[in-house]
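Number of protein chains: 2
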Amino acid sequence: MINILLVEDDETLGFVVEDNLLQEGYCVTRKKDGKLGWEAFNQSSFDICLLDVMLPEMDGFTLAEKIRSAGNLMPIIFLTAKSLPEDRIRGFKLGGDDYLTKPFSMEELILRIEAILRRMDVKATASPLGISLGSYQLDLKNQRLTYGATCIDLTAREMGLLKMLAERPNEIIPREEILSRLWGKNDYFLGRSLDVFISRLRKYLNKDENLRLVSVHGVGFRLEV
Amino acid sequence: MINILLVEDDETLGFVVEDNLLQEGYCVTRKKDGKLGWEAFNQSSFDICLLDVMLPEMDGFTLAEKIRSAGNLMPIIFLTAKSLPEDRIRGFKLGGDDYLTKPFSMEELILRIEAILRRMDVKATASPLGISLGSYQLDLKNQRLTYGATCIDLTAREMGLLKMLAERPNEIIPREEILSRLWGKNDYFLGRSLDVFISRLRKYLNKDENLRLVSVHGVGFRLEV
DNA sequence: TCCTGTTATTAACATTTCATTAACGCATAA
DNA sequence: TTATGCGTTAATGAAATGTTAATAACAGGA
Numbered sequence: 082m083i084n085i086l087l088v089e090d091d092e093t094l095g096f097v098v099e100d101n102l103l104q105e106g107y108c109v110t111r112k113k114d115g116k117l118g119w120e121a122f123n124q125s126s127f128d129i130c131l132l133d134v135m136l137p138e139m140d141g142f143t144l145a146e147k148i149r150s151a152g153n154l155m156p157i158i159f160l161t162a163k164s165l166p167e168d169r170i171r172g173f174k175l176g177g178d179d180y181l182t183k184p185f186s187m188e189e190l191i192l193r194i195e196a197i198l199r200r201m202d203v204k205a206t207a208s209p210l211g212i213s214l215g216s217y218q219l220d221l222k223n224q225r226l227t228y229g230a231t232c233i234d235l236t237a238r239e240m241g242l243l244k245m246l247a248e249r250p251n252e253i254i255p256r257e258e259i260l261s262r263l264w265g266k267n268d269y270f271l272g273r274s275l276d277v278f279i280s281r282l283r284k285y286l287n288k289d290e291n292l293r294l295v296s297v298h299g300v301g302f303r304l305e306v
Numbered sequence: 082m083i084n085i086l087l088v089e090d091d092e093t094l095g096f097v098v099e100d101n102l103l104q105e106g107y108c109v110t111r112k113k114d115g116k117l118g119w120e121a122f123n124q125s126s127f128d129i130c131l132l133d134v135m136l137p138e139m140d141g142f143t144l145a146e147k148i149r150s151a152g153n154l155m156p157i158i159f160l161t162a163k164s165l166p167e168d169r170i171r172g173f174k175l176g177g178d179d180y181l182t183k184p185f186s187m188e189e190l191i192l193r194i195e196a197i198l199r200r201m202d203v204k205a206t207a208s209p210l211g212i213s214l215g216s217y218q219l220d221l222k223n224q225r226l227t228y229g230a231t232c233i234d235l236t237a238r239e240m241g242l243l244k245m246l247a248e249r250p251n252e253i254i255p256r257e258e259i260l261s262r263l264w265g266k267n268d269y270f271l272g273r274s275l276d277v278f279i280s281r282l283r284k285y286l287n288k289d290e291n292l293r294l295v296s297v298h299g300v301g302f303r304l305e306v
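Dropping the structure here:
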């Protein structure tokens, strides 16, 4: 379980960020000013900090300095409205830290968090490193599909295709979209190639009765769970 | 034993610093340019870095960035002739780093090193001197691989590669990442060179049945334990 | 400087892997 | 029915990798 300390005074933004992170499977502690953030930091242990820069009581940079001078090297991501001069940014990045200028997309924030956790080699076994598919488990990191004790190593393309289908289950993914995203172009032969892969995935997935890879004639494919 | 990586091109200054640190009981590895420093970083493990900023081949900041983006949070002290703007300094300090303007006294340098090590004290024990690999033991310090009574002396590259694989066992390490971190660039021939090393490591590791160095076609390699 | 041993790289050839293409049969829709 | 789309298996060929040997680069010593 990954613990995140979020210090943000804006109620709306804070709620949105917290909510999204919770949905991603992270454990979030939210504080409304620097002082409360500092107290929270001292009371339990976190894996990563998200600090707003402009905060009441104690600004984000000062809080970060206190955390650092307490000997803690945990990664910090600053959320800031004003853009910073280039060399200051560079300084932060050297420290293993990062910063995001508001407004930012949650997608972007989550990507950065994941990147940092990966860099820190945190064994984030509970996060989106796998997708469960019925009684199967798709291991994105190791590019393999496990079913009980048995596991099937997938090729890069098989993985890409299955991931694409599994990310949007019970939804038609158009052939056109698959081809353009995975193959980059869309001609007759690549279309046939896709069919070969679909056929193979069906074979891999046939252990689970209530997992069907259905084709929608003339449109695309749907992975039903 | 505290390992220090010192990257300094000035022969005189480098010698003086190294000598003083040795007398203080530290273990020092000295390199003459950024590129060599980066290689050294990848080949063994250090507790702290002293980087000159102005270096041939690759400057100190760039080297620090590479170290950080390799996921390493070890403290870095920059040795610099030019003084830096205030907010840049602040950025470095947030990162647990520090900087000294030349000329500096050895006394001052040693005080800063001690201060940083004290701050890190909690984590000081975390620097691994060896990695166990099934029934093998990888001795980072002596750069050798032991299996029962027998031991194999590894070359620097063999060590760097095996270390990289062993640090993240059961996980695919992309060819691309290996080449860019260990070799610094990624062309066809270096790729073949990597294959030669993989082949050799397999030979070294074939005593232990349940230790497999698997290749993932088109992606990279995985060391399974 | 010239050796000499060590190590990394390149060459050369064998082998494996995998996406694509081919081939044939069935299903679907007009 | 007929044309087209899809399912499946097998054949093909290009690219990636495995392996061994030859060469190049390099450091250290005589």
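If you read the protein sequences in the order shown, they are chains A and B.
Here our numbering runs 81 ahead of the position in the first sequence, where the first position is 1.
Here our numbering runs 81 ahead of the position in the second sequence, where the first position is 1.
Where a beta carbon is used, it is the ideal one built from N, C-alpha and C, also for glycine.
Please read these numbers as outputs of a predicted model, since none were measured by experiment.
Helix, strand or coil at residue i according to DSSP, with G and I counted as helix
i      : result
L136/A : coil
F122/A : helix
R262/B : helix
E89/A  : coil
Y180/B : strand
N267/B : coil
S216/A : coil
R249/B : coil
N287/A : coil
E308/A : Look at the range of chain A in this structure, 82 to 306, and you will see that residue 308/A is not part of it.
G141/A : helix
D234/B : strand
I83/B  : coil
L94/B  : helix
L275/B : helix
G241/A : helix
S186/B : coil
K112/A : strand
L294/B : strand
L319/A : A query on residue 319/A cannot be resolved here, the shown segment of chain A reaching from 82 to 306 and no further.
R149/B : helix
A207/B : With a pLDDT of 45 at A207/B, under the threshold of 50, the modelled position of this residue cannot be trusted, and the question is left open.
L304/B : strand
L192/B : helix
L226/B : strand
L154/A : coil
Proximal residues of chain A, C-beta to C-beta of residue i below 8 Å
i      : result
G299/B : T236, A237
I253/B : K222, N223, Q224
Per-residue contacts from residue i into chain A (C-beta, under 9 Å)
i      : result
E258/B : The contacting residues do not exist; E258/B stays about 11 Å from chain A at best.
Nearest residue (CA-CA) to residue i, options the options
i      : options                        : result
L181/A : L214/A, G141/A, G215/A         : G141/A
F127/A : K116/A, R111/A, L136/A, M135/A : R111/A
I129/B : D179/B, L94/B, V295/B, R256/B  : D179/B
L192/A : D100/A, E105/A, V300/A, L235/A : E105/A
M155/B : D100/B, N287/B, E146/B         : E146/B
D289/B : I254/B, V98/B, E305/B, L198/B  : E305/B
M240/A : Y285/A, G301/A, A162/A         : Y285/A
V300/B : R283/B, L282/B, G272/B         : G272/B
R262/A : F278/A, M245/A, F270/A, E252/A : M245/A
V297/B : E252/B, T143/B, A121/B         : E252/B
C108/A : D114/A, D100/A, G115/A         : D100/A
L292/B : M139/B, L243/B, R149/B         : L243/B
L94/A  : A162/A, R149/A, A121/A         : A162/A
R238/A : S213/A, C232/A, I279/A, E248/A : I279/A
L214/A : M82/A, S274/A, E257/A, Y228/A  : Y228/A
E89/B  : N267/B, D133/B, K116/B, I158/B : D133/B
D114/A : L221/A, V98/A, L136/A, Q124/A  : L136/A
L102/B : L131/B, Y217/B, D91/B          : L131/B
I254/A : G211/A, I212/A, R303/A         : R303/A
K222/A : L235/A, A230/A, S216/A         : L235/A
F185/B : I83/B, L282/B, R283/B, V98/B   : V98/B
R149/A : E120/B, I197/B, L144/B         : I197/B
Any non-hydrogen atom of the ligand FAD within 7 Å of residue i CB
i      : result
I194/A : In terms of ligand content, the structure shown is empty, and the ligand FAD therefore cannot be addressed.
*Compile a chain-ordered list of the residues in the region 220 to 247 of chain A whose CB is closer than 7 Å to at least one CB of chain B.*
K222, N223, Q224, T236, A237
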